[in-house]
Each structure stands twice: as structure tokens, then as C-alpha cells.
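Colleague:
Numbering (this note's numbering), first residue to last: 2 to 128.
1) Shortest alpha-carbon distance to residue 38 belongs to which of 53, 24, 59, 4?
2) Excluding the 5 residues flanking residue 57 on each side, which residues of the same chain have their C-beta closer than 7 Å to its C-beta?
3) In whole angstroms, give me the CA-to-CA distance for residue 54 and residue 16.
4) By DSSP, does residue 65 sit in helix, in strand, or in coil?
5) Within this structure, are the beta carbons of residue 14 and residue 3 separated by less than 7 Å?
6) Where does residue 47 fall in DSSP's three states?
7) Using the Cα positions of residue 31 and residue 62, report the straight-line distance between them to the nearest angstrom.
8) Quick one: residues in its chain with C-beta nearer than 8 Å to the C-beta of residue 74, no 5 flanking neighbours on either side, listed in chain order?
9) For residue 71, I'd like the list of residues in its chain whose CB is within less than 6 Å of its CB, leaving aside the five on either flank, ordered along the chain.
10) Along the chain, where does the alpha helix (DSSP H) containing residue 58 start, and where does it finish?
Written out as C-alpha cells, the structure reads:
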């Protein structure tokens, strides 16, 4: 998880999240790169897009993929600097989440089913 305040780091860790980084810290990129290497992380989901998508593309290992699913920054990044890190979009419509918990769960379930099946949207396979 990536957050922007120390209070959010503590909250998520208190809820049992093991890996939580603060993107406003000076050594954030190094911490993220080290953690991605340690965990062999090759997939990143990004609600912010913009600078965050560029950062993820910069630090992820070769043959990784960044999946923006929102654009909280208001900026769209459709190409990364590195050729060995891909980017593809899956935008979740905000209106879906305003309808009901059931509608939100349906969207998330469909996304996960697509990832597990390795279909054309995400082009990945989760074992």
C-alpha cells in the first residue's frame, strides 16, 4: 500500500497490513524499488496515475506491468519511459461505487476473475 501521511501508514499497519509506504518521504522511490525487488512484484495497480504511474514504471523490475485503474491526479499516462515495463488501463467508473456495495463488489469480482483467467483485459495470469 502507498499512502501520503504517516498517520495512514500507522492505521494500515494497525489493521495488519505488512507493507505500507509513505509516498511523501524523501526515500520513497528507493524503499519502493527495494520492496518490489524483495517481493518479486511485477504487477502494480495505481489509482492515481500521472507521476505515480511514471514512478512505478521507473522502479518496477523488467517485464513488469502497471495497471492504472483511476486518475486521481487528473493526468493520464499512456506510455512509460521504459520499454520493458508495460502499462494498460482499467478504469473503474466512480458511479458504480456510488450505487451500492453489491455493485462495487460485482466490479471488483469481475476484475479479479479477469486477472485469474489471464484474459485480454489484463493479459496476466495470477497463480
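Each residue gets a CB set at the ideal place from its N, CA and C atoms; glycine is no exception.
Modeller: Quick look at the numbers:
1) 59
2) 45, 47, 67
3) 26 Å
4) strand
5) no
6) Strand, per DSSP.
7) If you take the alpha carbons of residue 31 and residue 62, they lie about 13 Å apart.
8) Excluding residues up to 5 positions away in sequence, 49, 50, 51, 52, 53 lie with their Cβ nearer than 8 Å to the Cβ of residue 74 in the same chain.
9) 48
10) 52–60
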